[in-house]
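Peer 1: My questions all concern the structure below.
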Amino acid sequence: MMGFQIVVLWSDALIWLLVAAGVGVGLLIARNPPLLAAWRRVGANRVGMASATVLLAFILIGLLDSLHYRVQLDGKPGQKATYAIEVLSLLDVLASPLRTRNEKTYSAPFATRLYAKESIDLPGQGTVRDYPRLKYGGQHLGEREDEVAADAGLTAGRAVLLALLGWLAVAGLASAAVRQGSAAVNASGWQKIWRGETAFAWNAVLLTLLLILLFAVPLFWLAGQYHVFGTDKVGQDVLYQILKSVRTGLIIGLVTTLVMLPMAVLLGIVAGYFRGWVDDVIQYIYTVLNSIPGVLLIAAAVLMMQVVIDTHPQWFSTAAERADLRLLALCFILGITSWTGLCRLLRGETLKLRELEYIQAAQAFGVSNGRIIIRHILPNLMHIVIIALVMDFSGLVLAEAVLSYVGIGVDPTMTSFGTMINNARMELGREPAVWWSLVAAFSAMFVLVLAANLFADAVRDAFDPRAA
Amino acid sequence: MLAYIIRRLLYAIPILIGVNLITFALFFVVNTPDDMARMQLGVKRVTPEAIQKWKVERGYDKPLLLNVEATGLASLTDTIFFQKSARMFVGDFGRAEDGRDIAREIGARMGPSLAIALPTFILGLFVTVSFALTLAFFRASAFDFWGVVLCVAAMSISGLFYIIGGQYLISKLWRLVPISGFGEGLDAWRFLVLPVLIGVVSGIGSSTRWYRTIFLEEVSKDYVRTARAKGLPETLVFFRHVLRNALIPILTGVVVVIPLLFMGSLLTESFFGIPGLGSYTIDAINAQDFAVVRSMVFIGSVLYIVGLILTDISYTVVDPRIRFE
Amino acid sequence: MLKVDQLRLGFTAGKQTLAAVDGISFAIAKGETFALLGESGCGKSATAQGIMRLLPAAGRILGGSIQLDGEELLALPEADMRAWRGSRMAMIFQEPATSLNPVLTVGRQIGEVLERHRNLRGAGATERMLELLRQVGIADPERRLGEYPFQLSGGMKQRVMIAIALAGEPELLIADEPTTALDVTVQAQILDLLAGLQAERGMGMLLITHDLGVVARMAHRIGVMYAGELVEVASREDFFSRPQHPYTQALFAALPEVSRRGMALTTIPGQVPALSAMPAGCRFAERCPHVMAVCREISPPWREPQAGHAVRCHWQAEAAEENPLPPPAVSEAEVERPSFLAVSDLKVHFPIRRGLLQRTVGHVRAVDGVSLAISAGRTLALVGESGCGKTTVGKALLQLIKPSAGSVRLGPNELVGMAPKRLRAARRHMQMVFQDPFASLNPRLRVGDIIAEGMAALSTENDAEARLAAVAALLQQVGLPEEVAGRYPHEFSGGQRQRIAIARALAVQPELLICDEPTSALDVSVQAQILNLLKKLQQELGVAYLFITHNFAVVEYLAHDVAVMYLGRIVEQGRAEDVLRAPQHPYTQALLSAVPVPRLDAPTAVIRLGGETPSPAKPPAGCHFHPRCPHAMPVCREAYPETRRFSATHTVNCHLLP
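Protein chains in written order, with our numbering: chain D, 1 to 468; chain H, 1001 to 1325; chain V, 2001 to 2658.
Shown next, in the form of C-alpha cells:
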C-alpha cells in the first residue's frame, strides 16, 4: 500500500464548510415550523424534486472530486518521504481508467481508430497512411472492429438490467419507508407513491432516479471499454473532463454566493434599518460598484489578480494550488460584483419590515437595535436570501463558461465547461467536424443549469409569500 | 421636474468620482507599476533598467498621489493619479500598448458596435415583449405552460452555444451568410444578419419570462378588474390598461442599457470578428493592455450613469405621478 | 329585475374546489336597494363578483342561475356578457385608491365606457363626462377630466368610480363595501350621493357591507350571509325591529353603544367554520346560543314567519326571547384619580424637502400642539379621521417617533429628550397595542417568545422559569389556553392575535396601554370580545387606556374621556358623556351626525360636511376647520381659536363659544 498525503485545497475547505453549513441549517430548519413548512412545499413539488435529484447527482460528483491527496513517491526506506506533484482526488481514483487511458489525439465517440491519419509502419508492408488503432478504445474487440455496435449494445443491455435491479431495490426501500410513515390502511406504500398521494414527491424522485441510473450505469460500464464521448486534442477522455468540470461549476455557483452573502445581508439590513446617512453611504457604494459594467469590472480585477499570482510564484507548491487560488479569487470577484442586487433587495424589504408593528412593539420595549435585527428582521428576510442563493446558481455556472472563454475565467489548466468549450470550438471548422467535446460540454451544462433553474423556481414558489 | 433631472445629473458626479477612484485603486494600488512591468516583460528579461524603461515609456514612473519633488500645483498634477485617472474625465485616455491613441480608437470602433447592438436590442425587445404579452394574455393555458417551459429551457442554454451552434448551422452547413467579418456600407447587412439573429434568440428565454411576470403582476391589480367591469374586451384591457402600467417596471431594466449599446458585446464581436469596442476589450484583455481595459471600465461606467439618468427621464414620460411631482 | 337562484360559487385550490357561496337565492326589484350583510369571509364579495361574472382566476361558478330581466346571465357567451357589463350592470369597488388605473386620466377612464356602451366620442363624450362628474358632486369638473387619480382625494376617487359606473346608464348597480375605506364624514357624503342617484334613476342596487349602520341608512331589504349561505332575508323595518336568526340577533347584541356602557357585550363564541370543513347541519350551530340536536344534523329549511321575512333556522321562539337577558353588568369604578401622564403642547413635524438641494421648504404638521392628561385606571379616547395625527400622538408618547417640541411627563420624569438608557426604564410604564393583528406579531417567533420579549428587554423577569410561569398567567388573563405559548402566530385568527398582542403589552405591567385602533380590523362579533377583554383588564389591573379610534360607537361604550382631533390639534376635549351628548365644536357635531346609526329611528336632521380634510402640510389659516365649517365667521379665517372652557371638564377650541 502506497502512502499518501491528504491535501486540503482552499476550495475543498469551503465546499465542505458549505456542506456542514447545509446540514446545520437543515437542523435549524427542522426546529422552525414556518421554514419547515416552506421546505415541505418544495418537497411536494414534483418538478422541483426531480431537479433536486439531478442536482444531488452532480453534487455527489463534485464532493467526490473535493477530497484531494498526493501519492507518495517510491523512495528508499529511511529517506524523507516525497510526494507526487500531481494532486489527485477521490473521483480520480474511481475514474482512473478514464484518467489514465489517454489516446494520442482526437477520436470520435465509440471509435476504435484515431481521428487523423498517420503514417503507420506495418510489418512487411512498409509505411501506410491510415487511421491508427486506438490504444484503449475498443481494444478488447481485437480484429472484430466492425462489431462495435453489437458489442456496445450487448454491454449496455446488461448494464440496463443491473440499473433496473438497483432501482427496484431503492424503490422498494422508499415504499417501505412510506408505509411506515403513514397510518392509512387501504393502500400499500407503492400505490401511494405511484398515485402521488405522498406528501413528499417520491414518484418524481424515483422516476428521475430511474432515468439517471438508466443513463449512468451503461455509460460508465461502456466507459471501461470505449471512449463514450470521444477524446480531445491531447487524447484525454471527454467523459472524464465532464466529470472534472462539475466541481468547477459547483464551486463557482455556490462559493460565489456564499462569499457575497454576508456583505449583502449586513449592508442591506443596516442601510434599510438605520436609514439616514448610513443608508446614503451604502447606497453610494453599491451605485458606484453597480455603475461599472460587470464584465469589465471582472476583467480588470482578474487581470490584476493574474499579475499578483504571476509575480508571487513562491506562494504555491503545486499547479493545482495555483489554479485553485485563481478559482477562489474568481469567486470573490464575481461575488463582489454581484452582491449589489441582493443588497438592494434586502434594503428595500428591511425598509418595509421596520415599519411593521411588531418591530415597533419591540422598540417600545426598548429592545436594542442589534437584537431587533437578529430576532425580528433577519428571520423574516431568510426567504429572500434562500431564493437569491438558488436563483444565482445557474447564472453563475453559465457566466463561468463565458468568462473562461473570454480569458478572464478559471485557470486554463483547470478543467471546466468554459475551458472545454474554448479548447474545442475551433475544431468545428475541421472536416469532418470535431463535435463531441462541444456537444458533451454543452449538454452536461444544460442538464445542470436546467435542473438548477427548475429547482430555483420550486424554491421561489414555496418561499415567496406572495406566491403562497 | 427640471429640478428633479438636474438633481439626478448632479448625483452622477460623486458616482463618477467613485468609479474613478476604484479603477485607480484596482490598477495602481493592488499592483504597483513595478509588478505590472515584471509581468509584461516576462521573467527572463526583468532587470531594474528594463522595468524603469517600461515605466517611463508609459508614464508610470511618477508617484501615485502626491509628487513631493514638484512644486505648487504640479505636486498634485504630476502624479499617476492625475495623469492616468483624473484626466479620463476630459476624455484623455492615453495610449494603448501598440502606441495608438485610445480615445480615437474608441471613436472609430463605436460605429460597428452599434451596428450590431442596436438592431439586436430593438428587435429583441420587440420579440420578447410581444411573446411575453401573448403568454400573459393566454395565462394558465397549455400555450402559456409550454411557453414558460420553452423559456426555462432556453435560458438554461449557454450563450456560447447559441453563437457556436448558429455559426455552424447557418454559415458552415447552410452557407447562408458569411461566418464572420464586417463590411461597410450597404453590403454590411450580410455580416449583420447572423449576429443580430443570434443575439435576439439567446435573449428570448430570460427576458420573456421576466416580462411575463411583470404582466401577470399587473393583471392581478384592482384597476384591471375595474376595466373588465366596464365591459371592455380583453384585448383593450391588455393594451390600454395593463401594458401602460407594466411599461414602468420594464423601462427600469431597458432604458438603462441603451447607452451601453455603444460598448457592443464582448462575445458576439469576438466570435464574428467585428471591429467594435467589444472585440477591442477582449483583445486588450488577452494582450494584458491595462490602459485600454482601464479606459473601457471608465467609459462603461459613464454610459451606465447616462442610462440611469435616461431612466429617470423616461419615468417622467410614462408615469404621471412623477411627471407632476 | 335581478333574480339569483341557488347560486353556488367556489374557489379551486390544487385539485379540490371549495364552495365559498353555497346555494343563495334572492331578488332585487327596480329601484330597490338590497343589502347583503355579513362578516369577512362569508362570501358576500364573491357573490357580487359572481353576478358580474368577474370572479378571480381561481373562482368557479358551480351552479345556479342569475337572471337579469329574465335573461340568464350564466348562459350568455362571454362577448355578450361584456356588452352587459358596464351598461346594464355596473360595479363600484371597495378600494378607490387601487381600483382606478394610475396612468390614465379621469376623462379617459370615464370616456372608455361612453365609447364602448353609448357610442359617444369627441365633444359629445366630453359633454357627457362633465355632466356625470357634476352629478357625482365633483367641483370644477373641466379641470378634473385631465387629472390623474393620484391627484384626487380618496372621496373624490370614489366619486369618479361612481361616475364610471353611471356612464353606461346601468339598471343594476353593485356596490361592494363602497365606503369602508373612507372617513365617516366622506362616507356620509358618498352614501347620500348613492341614495340620491338611485332614487333619481330608479336603479336596482346590490349593496355589499358589513356595517349595520350603512344598512340602516341605505337598504330597503336586507339579506344576512353566514359561511356562504343566506340565513335571513327581511325588509328594513322587520330586520331592525324583529331580527329572527340567532346570528343576526347576536350581531346586534355585539354592537358597542352607549346604552351598553358598563355591561359586557354579547359575543359570538368560536369561529366561522373553514370552507373545507363545513358542517352538514346548520352552519351556525356550533356558535348558536339556542342550538338544538336537530341543528347539527339537518340544514334548516327556509321558513317565513311574516310575509317577506324569511329565515333559515330550526329555532322558533317568540320575539320576546329575541333579546337574551343582558349579561351581568360590570360595575364601573368612577373614582377621580390624579393624572400620571401629562402631555403639553406636543408637536411632531416632518420636514418636506424639495428642490435642487433638498432643502426643507415646509413641514407636515402631523401633530401640532396637543395637550392632554391621562389618569390612572381611566380611558381617554382620542378620536379623529384618518390623517388627523392621532396615531402619531400615540407613537410620540412612547417616543417611537421623536417629538419636535413639547413635553411628555410620566410622573415626575420628562420623556422628551431623555437619555436612551433611562428611557428604557420609563418604557415599562406604557405599552402599545397596534391596529393590524397580522402585522403586529413576528411570524417567525413562538407566541411564548413574543410575550416574553418585553420581560427580557426590560429585565422585569430574569429567571427563565418565572418567565414561563408569567407567560402562562398572561395567556390565561387574556383568555387563551396556556399551551398556545409553543405555537406560531399564523395558527391564530385575528381576534386571537389581538389577545396575544395585548398579553405582550401587559407583560411588563404597564400603567398605561396605548391602543391604536385595536378593533378596526376585526369583525363586530370579535370586536366585542376584545372590548370586553379590555374592560375586564382595566377593572382587574387598574390600567389606563389611551384609546385611539375613529369609531364613535366604541368611544361611547368604552371611554371615560374624549379628545377630538382635527389636523394635528385637539378641538374638543372633556368627559365622554359631555362631549358625546352635547358636542360644542361644529366638527364634533358633524362627525357625530355623520356616523350611520344601526337603528330605525336614526335622527334624520344631519349635518353634512363638504369637502375633505386638508393636507397637514398646508393647514388653512386661522381655524383649521373654517373652510368646511357651516358656522364659519370672518374671525375664523384669521385666528386660531384659543382653548375655551365650556364647563369644568369640557374644553373647546372654537370662536363660536364666548
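Using N, Cα and C, we set each Cβ at its ideal position, and we do this for glycine too.
Could you pull the DSSP bridge partners for Q2573 (chain V) from this structure?
Peer 2: Your numbering for residue 2573 (chain V) matches position 573 in the third sequence. Note: Q2573 (chain V) sits in a beta bridge opposite V:A2563 and V:T2651.
Peer 1: Is Q125 (chain D) buried or exposed, if buried means 16 or more other CB atoms sit within 10 Å of its CB?
Peer 2: Stepping through the first sequence from its first residue, residue 125 (chain D) is reached at position 125. So Q125 (chain D) ends up on the exposed side.
Peer 1: For G1091 (chain H), which residues of its own chain have a beta-carbon under 8 Å away from its beta-carbon, when the five flanking residues on both sides are left out?
Peer 2: Translated into positions along the second sequence, residue 1091 (chain H) becomes position 91. The answer, listed in chain order, is A1103.
Peer 1: For the beta strand (DSSP E) that contains L2363 (chain V), what are its first and last residues?
Peer 2: As a position in the third sequence, residue 2363 (chain V) is number 363, starting the count at 1. It should be pointed out that residue 2363 (chain V) corresponds to His in this sequence rather than to Leu. Here the beta strand (DSSP E) through H2363 (chain V) covers R2359 to S2375.
Peer 1: For chain V, check one thing: does any of its Cβ atoms lie closer than 9 Å to the Cβ of E357 (chain D)?
Peer 2: Residue numbering aside, residue 357 (chain D) sits at position 357 when the first sequence is read from its first letter. Answer yes: the Cβ-Cβ gap between E357 (chain D) and chain V drops below 9 Å somewhere.
Peer 1: How many angstroms separate the CA atom of I1015 (chain H) from the CA atom of T287 (chain D)?
Peer 2: Here residue 1015 (chain H) refers to the residue found at position 15 of the second sequence. Here residue 287 (chain D) refers to the residue found at position 287 of the first sequence. So the alpha carbons of these two residues sit roughly 7 Å apart.
Peer 1: How far does the alpha helix (DSSP H) with E2229 (chain V) in it reach, from first residue to last?
Peer 2: Here the question's residue 2229 (chain V) lines up with position 229 in the third sequence. That residue, E2229 (chain V), is in no alpha helix (DSSP H); its beta strand (DSSP E) goes E2229 to S2235.
Peer 1: State the Cα-Cα distance for the pair V234 (chain D) and F442 (chain D), rounded to the nearest angstrom.
Peer 2: Indexing the first sequence from 1 puts residue 234 (chain D) at position 234. Indexing the first sequence from 1 puts residue 442 (chain D) at position 442. When rounded, the distance between both Cα atoms is 20 Å.
Peer 1: Can you tell me whether T2180 (chain V) sits near the ligand FMN, meaning its C-beta is under 8 Å from at least one heavy atom of the ligand?
Peer 2: As far as ligands go, the structure on display features none, and thus does not contain the ligand FMN.
Peer 1: Run through chain H and tell me which residues come within less than 7 Å of R2116 (chain V), C-beta to C-beta.
Peer 2: Numbered from 1 along the third sequence, position 116 holds the residue referred to as residue 2116 (chain V). By Cβ distance, chain H contributes K1230, G1231 and L1232.
Peer 1: Between the segment 110–119 of chain D and the segment 221–230 of chain D, can you find at least three pairs of beta-carbon atoms closer than 8 Å?
Peer 2: Verdict: yes, contact present.
Peer 1: Taking CB distances under 9 Å as the criterion, tell me whether N380 (chain D) reaches chain V.
Peer 2: Counting from 1 along the first sequence, the entry for residue 380 (chain D) is found at position 380. Yes, contact with chain V.
Peer 1: Applying a beta-carbon distance threshold of less than 7 Å, which residues of chain D neighbour M2432 (chain V)?
Peer 2: One-based indexing of the third sequence puts residue 2432 (chain V) at position 432. Within chain D, the residues near M2432 (chain V) are A361 and A364.
Peer 1: Note down, in chain order, every chain D residue with its Cβ under 7 Å from the Cβ of E2453 (chain V).
Peer 2: Translated into the one-based positions of the third sequence, residue 2453 (chain V) becomes position 453. Going along chain D in sequence order, the residues near E2453 (chain V) (Cβ under 7 Å) are A362, F365 and V367.
Peer 1: Using the Cβ count rule (16 or more neighbours within 10 Å means buried), how would you classify H312 (chain D)?
Peer 2: Residue 312 (chain D) sits at position 312 when you count from the first residue of the first sequence. Flag for H312 (chain D) reads exposed.
Peer 1: Once DSSP output is grouped into helix, strand and coil, what is the label at A2320 (chain V)?
Peer 2: Stepping through the third sequence from its first residue, residue 2320 (chain V) is reached at position 320. Residue placement at A2320 (chain V) is flagged as unreliable, the pLDDT there being 43, under the threshold of 50; the coordinate-derived value follows with that caveat. DSSP places A2320 (chain V) in helix when its eight states are reduced to three.
Peer 1: Nearest to F1138 (chain H) by CA position, among H:S1265, H:W1174 and H:V1219, is which residue?
Peer 2: Taking the first residue of the second sequence as 1, we reach residue 1138 (chain H) at position 138. When each option's Cα is compared against that of F1138 (chain H), the closest is H:V1219.
Peer 1: Rounded to the nearest angstrom, what separates M2129 (chain V) and L2380 (chain V) at their Cα positions?
Peer 2: To locate residue 2129 (chain V), count along the third sequence from 1; it is residue 129. To locate residue 2380 (chain V), count along the third sequence from 1; it is residue 380. C-alpha separation (whole angstroms): 47 Å.
Peer 1: As a quick exercise: from D:A444, D:L214 and D:L296, pick the residue whose alpha carbon is nearest that of G418 (chain D).
Peer 2: Position 418 of the first sequence, counted from the start, is the residue given in the question as residue 418 (chain D). Among D:A444, D:L214 and D:L296, the Cα nearest to that of G418 (chain D) is on D:A444.
Peer 1: To the nearest angstrom, report how far apart N2653 (chain V) and T2549 (chain V) are at their CA atoms.
Peer 2: Numbered from 1 along the third sequence, position 653 holds the residue referred to as residue 2653 (chain V). Numbered from 1 along the third sequence, position 549 holds the residue referred to as residue 2549 (chain V). Taking the straight line joining both Cα atoms gives about 20 Å.
Peer 1: Is there contact here, the segment 2574–2585 of chain V with the segment 2140–2159 of chain V, by at least three beta-carbon pairs under 8 Å?
Peer 2: Judged by Cβ distances under 8 Å, the segment 2574–2585 of chain V makes no contact with the segment 2140–2159 of chain V, as fewer than three pairs qualify.
Peer 1: Is there a C-beta anywhere in chain V that falls below 9 Å from the one on S1220 (chain H)?
Peer 2: Mapped onto the second sequence, residue 1220 (chain H) falls at position 220. True, the Cβ-Cβ gap to chain V drops below 9 Å.
Peer 1: Nearest CA to the CA of Q306 (chain D): which residue from D:N290, D:P34, D:D324 and D:S291?
Peer 2: By 1-based counting over the first sequence, the position of residue 306 (chain D) is 306. Residue D:D324 is the option with its Cα nearest to Q306 (chain D).
Peer 1: Closer than 8 Å by C-beta to I1122 (chain H): which residues in its own chain qualify, once you throw out the five before and the five after it? Chain order, please.
Peer 2: Locating residue 1122 (chain H) in the second sequence gives position 122, where the first residue counts as 1. Excluding sequence neighbours, I1122 (chain H) sits near nothing in its chain.
Peer 1: Let me confirm a value: M420 (chain D) is counted as buried when at least 16 other C-beta atoms fall within 10 Å, else exposed. Which label applies?
Peer 2: As a position in the first sequence, residue 420 (chain D) is number 420, starting the count at 1. So M420 (chain D) counts as buried.
Peer 1: Keeping to the same chain, check which residues put their C-beta closer than 7 Å to that of G2542 (chain V); ignore five residues upstream and five downstream.
Peer 2: As a position in the third sequence, residue 2542 (chain V) is number 542, starting the count at 1. A2376 and G2377.
Peer 1: Does the CB of A1312 (chain H) have a neighbour CB from chain V at under 9 Å?
Peer 2: Here residue 1312 (chain H) is taken as the residue at index 312 of the second sequence, counted from 1. First, the amino acid is wrong: residue 1312 (chain H) is Asp here, not Ala. Cβ-Cβ to chain V under 9 Å: no for D1312 (chain H).
Peer 1: Against chain V, with Cβ distances strictly below 9 Å, would P1014 (chain H) count as a contact?
Peer 2: By one-based count along the second sequence, residue 1014 (chain H) stands at place 14. Closer than 9 Å: no.
Peer 1: I'd like to know if I292 (chain D) contacts chain H, where contact means its C-beta is closer than 9 Å to some C-beta of that chain.
Peer 2: By one-based count along the first sequence, residue 292 (chain D) stands at place 292. Yes, its Cβ sits closer than 9 Å to a Cβ of chain H.
Peer 1: Note down, in chain order, every chain H residue with its Cβ under 8 Å from the Cβ of T155 (chain D).
Peer 2: The residue given as residue 155 (chain D) occupies position 155 in the first sequence. Per Cβ cutoff of 8 Å: no residues; T155 (chain D) is ~31 Å from chain H at best.
Peer 1: Could you tell me the distance, in whole angstroms, from the CA atom of G2411 (chain V) to the CA atom of R2422 (chain V)?
Peer 2: Looking up residue 2411 (chain V) in the third sequence gives position 411. Looking up residue 2422 (chain V) in the third sequence gives position 422. Rounded to the nearest angstrom, the two C-alpha atoms are 14 Å apart.
Peer 1: Where does R2444 (chain V) sit, in a helix, a strand or coil, going by DSSP?
Peer 2: One-based indexing of the third sequence puts residue 2444 (chain V) at position 444. Three-state DSSP puts R2444 (chain V) in coil, outside helix and strand.
Peer 1: So the beta strand (DSSP E) G2059 (chain V) belongs to, where does it begin and stop?
Peer 2: For the purposes of this step, residue 2059 (chain V) is identified with residue 59 of the third sequence, where counting begins at 1. Unbroken beta strand (DSSP E) run through G2059 (chain V): G2059 to L2068.
Peer 1: Is any beta-carbon of chain D found at less than 9 Å from that of A1023 (chain H)?
Peer 2: Counted from its first residue, the second sequence places residue 1023 (chain H) at position 23. Reading the sequence as shown, one finds Thr at residue 1023 (chain H) and not Ala. So yes, T1023 (chain H) belongs to the interface.
Peer 1: Whole-angstrom Cβ separation of R1212 (chain H) and A1136 (chain H), contact assumed at under 8 Å?
Peer 2: Taking the second sequence and counting its residues from 1, one reaches residue 1212 (chain H) at position 212. Taking the second sequence and counting its residues from 1, one reaches residue 1136 (chain H) at position 136. Right, their Cβ atoms sit about 5 Å apart.
Peer 1: Taking S2045 (chain V) and D2211 (chain V) to be in contact with their CB atoms under 8 Å, please state how far apart those CB atoms are, rounded to whole angstroms.
Peer 2: Here residue 2045 (chain V) corresponds to residue number 45 of the third sequence, with the count starting at 1. Here residue 2211 (chain V) corresponds to residue number 211 of the third sequence, with the count starting at 1. About 14 Å separates the two Cβ atoms, so there is no contact after all.
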